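A.B. asks: Below is one structure. I have some questions about it.
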Amino acid sequence: MKHMPYPRVHGLAALAAALLLTGCATTNPQDPLEGYNRTVFRFNDAVDRTVLKPTATAYKNVTPSFVQTGVGNFFGNLSDAWSAVNNLLQGKGQAGMGDVTRVAVNSTFGIFGLLDIASEAGIPKHNEDFGQTLGTWGVPSGPFLMLPILGPSTVRDTAALPADIGGDIWKYKEPANWRNIGAGVRVVDKRAQLLDASSLLEDAALDRYEFIRDGYMQRRQSQVYDGNVPRQADEADAPADSATSNAEPAADPAGKASADKPAGSQTVTQPVSSEKP
65 MKHMPYPRVH GLAALAAALL LTGCATTNPQ DPLEGYNRTV FRFNDAVDRT
115 VLKPTATAYK NVTPSFVQTG VGNFFGNLSD AWSAVNNLLQ GKGQAGMGDV
165 TRVAVNSTFG IFGLLDIASE AGIPKHNEDF GQTLGTWGVP SGPFLMLPIL
215 GPSTVRDTAA LPADIGGDIW KYKEPANWRN IGAGVRVVDK RAQLLDASSL
265 LEDAALDRYE FIRDGYMQRR QSQVYDGNVP RQADEADAPA DSATSNAEPA
315 ADPAGKASAD KPAGSQTVTQ PVSSEKP
């Protein structure tokens, strides 16, 4: 008679319990995987504190400012090409052609993008990706998702990542060693640009995970709608308790407020607590 593999059974039971608790440990409808997301957030934070932030700090202190500006402009010029594609896919022809003009001007007169001549000429810069394009097409964002190394995202934005990676011109740079070096410099330069903001966040936020999550979700919604978020979309993406407590008085056909509230009375809106049991 064979013996039952108790360790494996116990391990599967523990894993199932952990997944169950992960799905039930949150009260935020936008973050049903909060337990998992917080674990990934702690991992990302450890990597940032031990590797990325010290490297970015040294880069910012040692590298001349004009070199940092040139690096940012160069990779920003490459990203303008993908922004142009997404603006055109979203039906924003004027913005898309503006991005095409930016790439043409900066790649020639701006010495391969090291100088941002287009901005000086008044041609606005856009930051569009395929996740925003999917949102414009009506694809909902889905739950919040913290990705290892890459940071905050959503299910929709994560599904759009392969397209964004494929649309990055630097991905096709040859030889491979130059491509890898450039990718590393790009990451360090981007992290260096966020040093002041991250230091402020560490000093001010009581729960940095919640601060980053809520800020990311609001920012992505604003990006999808170009800053003009419809009221219906805002209410649909808001937590149920928040939408209820901040609802405005209903209006009658004449445009007046509901008569259920006595004249002269005031509506007191209760703040929504972010504390967890």
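Start counting at 1 in the sequence shown, then tack on 64, and there's your number in this note's numbering.
Think of the CB as a built atom: it goes at the ideal place given N, C-alpha and C, for glycine as much as any other residue.
This one's a predicted model, so the numbers in the text were calculated from it and none came from an experiment.
On the criterion of 16 or more Cβ atoms from any shown chain inside 10 Å, does G186 qualify as buried, or is it exposed?
C.D. replies: Taking the sequence shown and counting its residues from 1, the one referred to as residue 186 is at position 122. Exposed, because fewer than 16 other Cβ atoms sit within 10 Å of the Cβ of G186.
A.B. asks: Could you say which of I213, D109, N241 and E192 lies nearest to G291 if we only look at CA atoms?
C.D. replies: As a first step, residue 291 is located in the sequence shown; it is residue number 227 there, counting from the start. It is E192 whose Cα lies nearest to the Cα of G291.
A.B. asks: So who's on the other strand from G215, going by DSSP bridges?
C.D. replies: Locating residue 215 in the sequence shown gives position 151, counting from the first residue. According to DSSP, G215 bridges with L211.
A.B. asks: Look at G177 and N150 and say whether their C-beta atoms are less than 9 angstroms apart.
C.D. replies: The sequence position of residue 177 within the sequence shown is 113, counting from 1. The sequence position of residue 150 within the sequence shown is 86, counting from 1. No. Outside cutoff.
A.B. asks: If you count every other CB in all the chains shown that lies within 10 Å of the CB of W146, and 16 or more means buried, which is it?
C.D. replies: Your numbering for residue 146 matches position 82 in the sequence shown. W146 should be labelled buried.
A.B. asks: Give a yes or no on whether the C-beta atoms belonging to L153 and T197 are separated by under 9 angstroms.
C.D. replies: Here residue 153 corresponds to residue number 89 of the sequence shown, with the count starting at 1. Here residue 197 corresponds to residue number 133 of the sequence shown, with the count starting at 1. Cβ distance < 9 angstroms, so L153 and T197 count as in contact.
A.B. asks: Would you tell me roughly how many angstroms separate the C-alpha atoms of S309 and G230, rounded to the nearest one?
C.D. replies: Counting from one through the sequence shown, the residue named residue 309 turns up at place 245. Counting from one through the sequence shown, the residue named residue 230 turns up at place 166. Low per-residue confidence applies at S309: pLDDT is 37, beneath 50, and the placement is therefore not dependable enough to give any value.
A.B. asks: Just to confirm, are A148 and V169 a CB contact at a threshold of 9 angstroms?
C.D. replies: In the sequence shown, counting from the first residue as 1, residue 148 sits at position 84. In the sequence shown, counting from the first residue as 1, residue 169 sits at position 105. Cβ atoms of A148 and V169: not closer than 9 angstroms.
A.B. asks: Buried or exposed: where does S171 fall if 16 or more other Cβ atoms within 10 Å of its Cβ makes it buried?
C.D. replies: Numbered from its first residue, the sequence shown carries residue 171 at position 107. Under this definition S171 is a buried residue.
A.B. asks: How long is the line joining the alpha carbons of D271 and N137, rounded to whole angstroms?
C.D. replies: The sequence position of residue 271 within the sequence shown is 207, counting from 1. The sequence position of residue 137 within the sequence shown is 73, counting from 1. Looking at the two C-alpha atoms, the distance is approximately 33 angstroms.
A.B. asks: Going residue by residue through the region 225–300, where are the continuous alpha helix (DSSP H) segments of at least 4 residues, counting only ones entirely within it?
C.D. replies: Within the region 225–300, the complete alpha helix (DSSP H) runs of at least 4 residues are 240–257, 259–268 and 272–288.
A.B. asks: Are there three or more Cβ pairs, one per stretch, closer than 8 angstroms when the region 199–206 is compared with the region 232–239?
C.D. replies: With the cut-off at 8 angstroms, the region 199–206 and the region 232–239 do not touch.
A.B. asks: Looking at the structure shown, is A122 part of a helix, part of a strand, or coil, going by DSSP?
C.D. replies: Residue numbering aside, residue 122 sits at position 58 when the sequence shown is read from its first letter. A122: helix per DSSP, three-state reduction.
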